[in-house]
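Just so you know, the protein sequences line up as chains A and B, in that order. Quick note: the first sequence, position 132, residue 178 per our numbering, numbers continuous. Quick note: the second sequence, position 2, residue 48 per our numbering, numbers continuous. Note that CB positions come from ideal geometry on N, CA and C, so glycine has one too.
2 protein chains.
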Amino acid sequence: MTDHPTIQIIAIPGIPLIRAGDDLAAMLLDRLIAADLRLQDGDVLVVTSKIVSKAEGRAVWLHDVVPSPQATELATVCQKDPRLIEVILRESKRVLRTRPGLIIVEDRRGFVCANAGVDHSNVAGEDWVLCLPEDPDRSALMLRRQLEAVTGARIGVIIADSHGRAFRMGTVGVAVGVAGVAGLLDLRGRPDLFGYRLQVTQVGLADEIAAAASLLMGQADEARPAVLVRGMPYPLREGNAQELVRPRELDLFR
Amino acid sequence: MTDHPTIQIIAIPGIPLIRAGDDLAAMLLDRLIAADLRLQDGDVLVVTSKIVSKAEGRAVWLHDVVPSPQATELATVCQKDPRLIEVILRESKRVLRTRPGLIIVEDRRGFVCANAGVDHSNVAGEDWVLCLPEDPDRSALMLRRQLEAVTGARIGVIIADSHGRAFRMGTVGVAVGVAGVAGLLDLRGRPDLFGYRLQVTQVGLADEIAAAASLLMGQADEARPAVLVRGMPYPLREGNAQELVRPRELDLFR
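Here it is as structure tokens:
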């Protein structure tokens with residue numbers, strides 16, 4: 047079976063609960079060695095935004111949050127905790143849609159998503175919420191540099207979150223931070239099998255990798271917050287998650 | 047490495063160009079045997095919508111198409127061939143957005159996508175276009191039944207296409223037809239590690255599998271139109287792609 051082009055998605059086992067200040071790179075290296083998994087050139091390491099956020103101390107204790115009048119008003123519409131809404135607003139550029147139980151924003155990083163990516167689960171207790179990493183592309187780059195420095199392998203790193211979609215049900219894994227691998231893969235102008243030039247040809251590569259990794263990560267199972275994607279058929283290049291953010295002028299649905 | 051939870055995405059090599067009337071199941075079985083790949087319980091076979099459409103004779107010769115006045119008018123706005131627009135309109139319930147070079151519709155199957163999934167590449171010549179399978183869920187079910195009858199394995203089948211996203215750049219693989227595997231995976235109410243009940247908990251499972259398969263399929267490389275996904279950590283259940291269509295009343299962005 048190894049004769050056929052094959053991608054492997056491998057869960058890195060045994061990653062402990064992450065706390066603020068933890069050295070994520072060191073912990074991942076430790077677990078990779080324990081699992082006899084050696085990083086190879088071309089590997090893409092996918093980690094959940096949650097463990098990166100936790101290591102970076104991005105948890106917020108709701109008792110410390112004083113909601114603004116705007117947050118209080120919005121909380122009534124959304125039927126959510128005003129302190130949670132306050133945190134969401136601090137993480138957002140603008141609010142796009144609100145409904146009971148739902149708030150969709152453009153977050154500070156440009157991502158259109160529910161709750162600005164602020165997470166109310168898998169933080170130790172209901173009075174804590176977890177924000178996205180401050181600058182997920184930078185977090186991915188730092189993690190990559192640390193892992194490459196130790197292993198000597200040339201790798202990609204993707205920080206993954208789960209987002210809903212405007213026109214489809216269900217969340218899917220998406221890339222919120224990227225380093226060492228293309229966010230967008232540009233196939234513009236490459237001829238197809240019949241020599242006809244393709245028109246729609248930018249692939250959301252890092253999002254597809256994040257979705258693939260998400261198949262193993264699950265949603266409620268934080269025992270698998272890191273996944274190795276091995277055997278990518280594309281050569282790695284520098285890239286970032288901002289490539290995946292649709293500019294407002296190309297947005298037809300806002 | 048086989049000790050860790052691992053998903054394999056395996057390209058089925060050597061699939062020939064597909065023509066109308068071809069027995070896709072027989073061809074896939076032939077290639078699986080030639081590659082010494084035996085279907086196993088829990089495998090998910092992902093095939094491009096293109097090869098299913100071709101086998102089902104869904105190519106349209108543009109010289110046979112007489113554009114309606116509406117199509118001609120829309121073609122001016124979209125700067126596209128009026129005959130192509132006519133085919134797109136026949137495949138659509140309604141037009142949602144138009145711009146020069148772009149037409150986004152709700153297609154007959156409920157998918158919000160560009161061009162109603164009508165493809166102008168990888169069909170033999172510029173005067174041919176290819177529509178989505180008439181009923182991709184049914185196509186997936188038929189393919190699954192044929193493959194299961196011969197192999198005795200209990201498998202899932204996903205028919206994948208590439209769609210753009212409202213708020214993110216780049217296309218990603220999505221499921222347009224599904225059989226034998228969940229479209230949506232429902233984690234509602236499952237407690238997380240701290241016992242806190244998850245709120246956002248429906249995962250677009252078939253879309254994530256399609257995205258994973260798309261990493262190997264590529265866009266311009268029709269030599270890899272079928273991919274085996276092996277090692278899914280979820281038990282297979284009956285499902286379909288209609289689970290992934292967001293109902294209009296839950297759509298905030300149309």
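Determine, using beta carbons only, whether MET47(A) comes closer than 9 angstroms to chain B. Reliability of the predicted coordinates at MET47(A) is poor, the pLDDT of 44 falling under 50, and no value is obtained from them.
Out of ASP165(B), VAL141(B), PRO182(B), state which residue places its alpha-carbon closest to the alpha-carbon of TRP174(B). Closest option to TRP174(B), Cα to Cα, is ASP165(B).
Residues of the stretch 253–264 of chain A with a CB closer than 9 angstroms to any CB of chain B: list them in chain order, please. Residues of the stretch 253–264 of chain A with a C-beta less than 9 angstroms from any C-beta of chain B: ASP253, GLU254, ILE255, ALA256, ALA257, ALA258, ALA259, SER260, LEU261, LEU262, GLY264, listed in chain order.
Going straight from the alpha carbon of LEU233(A) to that of ASP87(B), what length do you get? Going from the Cα of LEU233(A) to the Cα of ASP87(B) covers about 35 angstroms.
Residues near PRO51(A) by beta carbon distance below 8 angstroms, same chain, minus five either side: Excluding sequence neighbours, PRO51(A) sits near GLY277, PRO279.
Measure the C-alpha to C-alpha separation of ILE55(B) and GLN54(A) and round it to an integer number of angstroms. The straight-line gap separating the alpha-carbon atoms of ILE55(B) and GLN54(A) is approximately 6 angstroms.
Per DSSP, what kind of secondary structure is GLY163(B) in: helix, strand or coil? In the structure shown, GLY163(B) sits in a helix (DSSP, three-state: H, G or I).
Check whether the stretch 135–146 of chain A and the stretch 181–198 of chain A touch, using three or more Cβ-Cβ pairs below 8 angstroms as the test. No, the stretch 135–146 of chain A does not touch the stretch 181–198 of chain A.
DSSP has GLN54(A) in a bridge; who is on the other side? Listed as beta-bridge partners of GLN54(A) by DSSP are ARG276(A), GLN54(B).
Starting from ARG190(A), trace the alpha helix (DSSP H) in both directions and tell me its first and last residue. For ARG190(A), the enclosing alpha helix (DSSP H) begins and ends at 182–197.
Under 9 angstroms between C-beta atoms of SER114(A) and LEU178(A): Result no, Cβ atoms of SER114(A) and LEU178(A) do not sit closer than 9 angstroms.
Endpoints, the alpha helix (DSSP H) within which LYS100(A) is located: Residues 95–101.
Using a Cβ cut-off of 7 angstroms, pull out every chain B residue sitting near LEU230(A), in sequence order please. Against LEU230(A), the close residues of chain B are MET215, GLY216, in the order they occur along the chain (beta-carbon pairs closer than 7 angstroms).
Members of the stretch 177–197 of chain B that neighbour chain A once the beta carbon cut-off is set at 8 angstroms: Here the close residues number zero.
Restricting to Cα atoms, I'd like to know which of LEU108(A), GLN125(A), ALA287(A) is closest to PHE213(B). Closest by alpha carbon: ALA287(A).
State the Cα-Cα distance for the pair THR217(A) and VAL227(B), rounded to the nearest angstrom. THR217(A) and VAL227(B) have their C-alpha atoms roughly 17 angstroms apart.
For LEU176(A) and LEU261(A), what's the separation of their Cα atoms in angstroms? Straight-line measurement puts the Cα of LEU261(A) at about 22 angstroms from the Cα of LEU176(A).
Anything in chain A within Cβ reach of MET278(B), meaning under 8 angstroms, just list it in chain order. Near MET278(B) (Cβ distances below 8 angstroms), the residues of chain A are LEU261.
Are there 16 or more other CB atoms within 10 angstroms of the CB of ARG294(A), so buried, or fewer, so exposed? With fewer than 16 other Cβ atoms within 10 Å, it is exposed.
Could you list the residues in the stretch 100–117 of chain B with a C-beta less than 9 angstroms from some C-beta on chain A, going in chain order? Listed in sequence order: no entries.
Quick one: list the residues of chain A neighbouring ALA212(B), beta-carbon separation under 9 angstroms, in chain order. Chain A residues near ALA212(B): VAL158, ARG211, ALA212, PHE213, ARG292, ASP297, LEU298, PHE299, ARG300.
Alpha carbon to alpha carbon, how far is ALA252(A) from THR48(A)? Give it in angstroms, no decimals. Its pLDDT being 45, under 50, THR48(A) is placed unreliably in this model, and the value from its coordinates should be taken loosely. In a straight line, the C-alpha of THR48(A) is about 24 angstroms away from that of ALA252(A).
Provide the residue(s) that pair with ILE131(A) in DSSP beta bridges, ordered along the chain. DSSP, once it has assigned bridges, lists no residue as partnering ILE131(A).
In three-state DSSP terms, what is THR118(B)? Residue state, collapsed to three classes: helix.
Under 7 angstroms from the C-beta of GLU289(B): neighbouring residues of chain A: Residues of chain A whose Cβ lies closer than 7 angstroms to the Cβ of GLU289(B) are, in chain order, MET215.
Looking only at C-alpha atoms, which of GLY229(B), ALA272(B), LEU91(B) sits nearest to VAL203(B)? The residue with the shortest Cα to Cα distance from VAL203(B) is LEU91(B).
Using the three-state DSSP reduction, which class does ARG65(A) fall into: helix, strand or coil? Three-state DSSP puts ARG65(A) in coil, outside helix and strand.
Among the residues of its own chain, which have a CB less than 7 angstroms from the CB of ILE134(A), if the five just before and after it don't count? Counting only Cβ-Cβ distances below 7 angstroms, and skipping sequence neighbours, we find ILE149, VAL151, ASN161, ALA162, VAL164.
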